[in-house]
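Student: In the numbering used here, the protein residues as written are 1 to 298. The beta-carbon is built from N, C-alpha and C at its ideal position, and this holds for glycine as well. What follows is a single structure, and I will ask about it in a moment.
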Amino acid sequence: MVRKDEPLQMRVGEAKQRDVGKKRARVGPEAMDQLKVTPGDIIEVMGSRTSCAVVWPVDEDEKSPDIIRIDGQTRKNVGASLNDIVKIRKATSKIAKSVVLIPVNDSVTVDKEFTDFVKNRLKGLPITHGDEISVMILGNSMDFKISKTSPKHIVKIDRSTVLTISAESSGDRKTRVTYEEVGGLGHEIKAMREIVELPLKHPELFVRLGVEPHSGVLLYGPPGCGKTLIAKVLASESEANMFSINGPEIMNKYYGETEAKLRDIFKEAKDNSPSIIFIDEIDAIAPKREEAYGDVEK
Numbered sequence: 001m002v003r004k005d006e007p008l009q010m011r012v013g014e015a016k017q018r019d020v021g022k023k024r025a026r027v028g029p030e031a032m033d034q035l036k037v038t039p040g041d042i043i044e045v046m047g048s049r050t051s052c053a054v055v056w057p058v059d060e061d062e063k064s065p066d067i068i069r070i071d072g073q074t075r076k077n078v079g080a081s082l083n084d085i086v087k088i089r090k091a092t093s094k095i096a097k098s099v100v101l102i103p104v105n106d107s108v109t110v111d112k113e114f115t116d117f118v119k120n121r122l123k124g125l126p127i128t129h130g131d132e133i134s135v136m137i138l139g140n141s142m143d144f145k146i147s148k149t150s151p152k153h154i155v156k157i158d159r160s161t162v163l164t165i166s167a168e169s170s171g172d173r174k175t176r177v178t179y180e181e182v183g184g185l186g187h188e189i190k191a192m193r194e195i196v197e198l199p200l201k202h203p204e205l206f207v208r209l210g211v212e213p214h215s216g217v218l219l220y221g222p223p224g225c226g227k228t229l230i231a232k233v234l235a236s237e238s239e240a241n242m243f244s245i246n247g248p249e250i251m252n253k254y255y256g257e258t259e260a261k262l263r264d265i266f267k268e269a270k271d272n273s274p275s276i277i278f279i280d281e282i283d284a285i286a287p288k289r290e291e292a293y294g295d296v297e298k
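Next up, the structure:
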């Protein structure tokens, strides 16, 4: 039994598609009773970082009482991945006097109409300093980083809040794709997480067991089936740098130049580890020997 005010430990699960981008955390009735919360209350979620979410009950057919379902952006905000253990507890919020947002990827043209639009989209959502949030604008998702709030801690934006949006981006150009954005491929993603994500996030497990993790995985399938998307989502969820190599583009007719390009990319990936190197159309670089016609291909 959890004592009063003691955080409750939960295992992170994948969010339902309907909850993506809404700052929702779905937990079971037992957890809600122990935390003394009702749907719509705010909870604090603590991983390697701390953020907040609006608590909602899980579906009636949910069989795992120790699971908290949060979307990819909330997982990033709390510094946790699927199946990681986080702590949660009931929290309260205050009305924000002022909030400053910085675009994550691209600079934007800021005017009063744009600021009011973003403010209206974020109204009522709990936020904390350092969080990233998404706003749907003309059918596209735009990410912002919360660089400052007054007062500090958990706040909500309302009509009286003074919202300031920086025109310049934060300079963080990493591609952000979450597991919830991938339609289907559940079996393939599960296998790839075990092979790729686990050694990236928990290398100490393999050292302790004396097991050498896989250094490469071959993905095969027709064009458009999701091979590149799986690589992107693994890099994003693992917070790893991703380096893409297009096989036909890197091939050079002069002996040794292709190898030099590959060595440079692998060196850059090593210098910026953890990294994932994705080689598209690898058969252009490494064809079957009987199908290779020149010395370069061989």
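For D143, name the three-state secondary structure that DSSP assigns.
Tutor: D143: strand per DSSP, three-state reduction.
Student: In this structure, how does DSSP classify K87 when only helix, strand and coil are distinguished?
Tutor: Looking at K87 - three-state DSSP - the assignment turns out to be strand.
Student: To the nearest angstrom, how far is the alpha carbon of C225 from that of N272?
Tutor: Each residue's Cα considered, the two are about 29 Å apart.
Student: Who are L315's beta bridge partners in DSSP?
Tutor: The requested residue 315 is not part of the displayed model; the chain covers only 1 to 298.
Student: Under 8 Å by Cβ, that's how I've got V58 and V27 pegged, so tell me the actual separation to the nearest angstrom.
Tutor: About 6 Å separates the two Cβ atoms, so the contact holds.
Student: Identify which residue in I154, P151, D106 and A167 has its Cα closest to the Cα of N140.
Tutor: Per the Cα distances, D106.
Student: Any idea if Q34 is buried or exposed, counting beta-carbon neighbours within 10 angstroms, 16 or more meaning buried?
Tutor: Buried.
Student: Quick check: the Cα distance between E30 and I279, rounded to an integer number of angstroms?
Tutor: Cα to Cα, the separation comes out at about 46 Å.
Student: Comparing alpha-carbon positions, which option in T38, R75, W56 and L101 lies nearest S48?
Tutor: Out of T38, R75, W56 and L101, R75 has the C-alpha closest to the C-alpha of S48.
Student: In the DSSP assignment, the beta strand (DSSP E) including C42 goes from what residue to what residue?
Tutor: The displayed chain sequence assigns Ile, not Cys, to residue 42. Residues I42 to M46.
Student: Using alpha carbons as the reference points, say which of P248, T258, S275 and D264 lies closest to A284.
Tutor: Nearest option by C-alpha distance: P248.
Student: Determine, using beta carbons only, whether R89 comes closer than 9 Å to chain B.
Tutor: Given the protein chain composition of this structure (a single chain), no chain B is represented.
Student: Can you find the residues in the same chain that come closer than 6 Å, C-beta to C-beta, to G13, ignoring five residues on each side of it along the sequence?
Tutor: These residues qualify, in order along the chain: I67 and R69.
Student: Please work out which residues of its chain come closer than 7 Å, Cβ to Cβ, to G79, disregarding the five sequence neighbours upstream and downstream, and give them in chain order.
Tutor: The residues are G47, S48 and R49.
Student: With a CB to CB cut of under 6 Å and the five nearest residues on each side skipped, what residues in its chain are close to L122?
Tutor: Closer than 6 Å at Cβ, skipping near neighbours: I157.
Student: What's the call for R24, buried or exposed, on a 16-neighbour Cβ count within 10 Å?
Tutor: The residue in question, R24, is buried, as its Cβ has 16 or more Cβ neighbours within 10 Å.
Student: If I'm right that V135 touches S93 with Cβ under 8 Å, what's the distance once you round it to whole angstroms?
Tutor: Not really, about 19 Å apart at Cβ, beyond 8 Å.
Student: Taking the straight line between their C-alpha atoms, what separation do you get for L209 and P203?
Tutor: About 10 Å.
Student: Indicate whether the contact test is met: 3 or more Cβ pairs, each with one atom in the region 258-269 and one in the region 185-194, closer than 8 Å.
Tutor: No: fewer than three Cβ pairs fall under 8 Å.
Student: Have a look at R159, V108 and K152 and flag the residue whose alpha-carbon is nearest the alpha-carbon of F144.
Tutor: The shortest C-alpha separation from F144 is found at V108.
Student: Can you give me the start and stop residues for the beta strand (DSSP E) that L8 sits inside?
Tutor: Residues L8 to E14.
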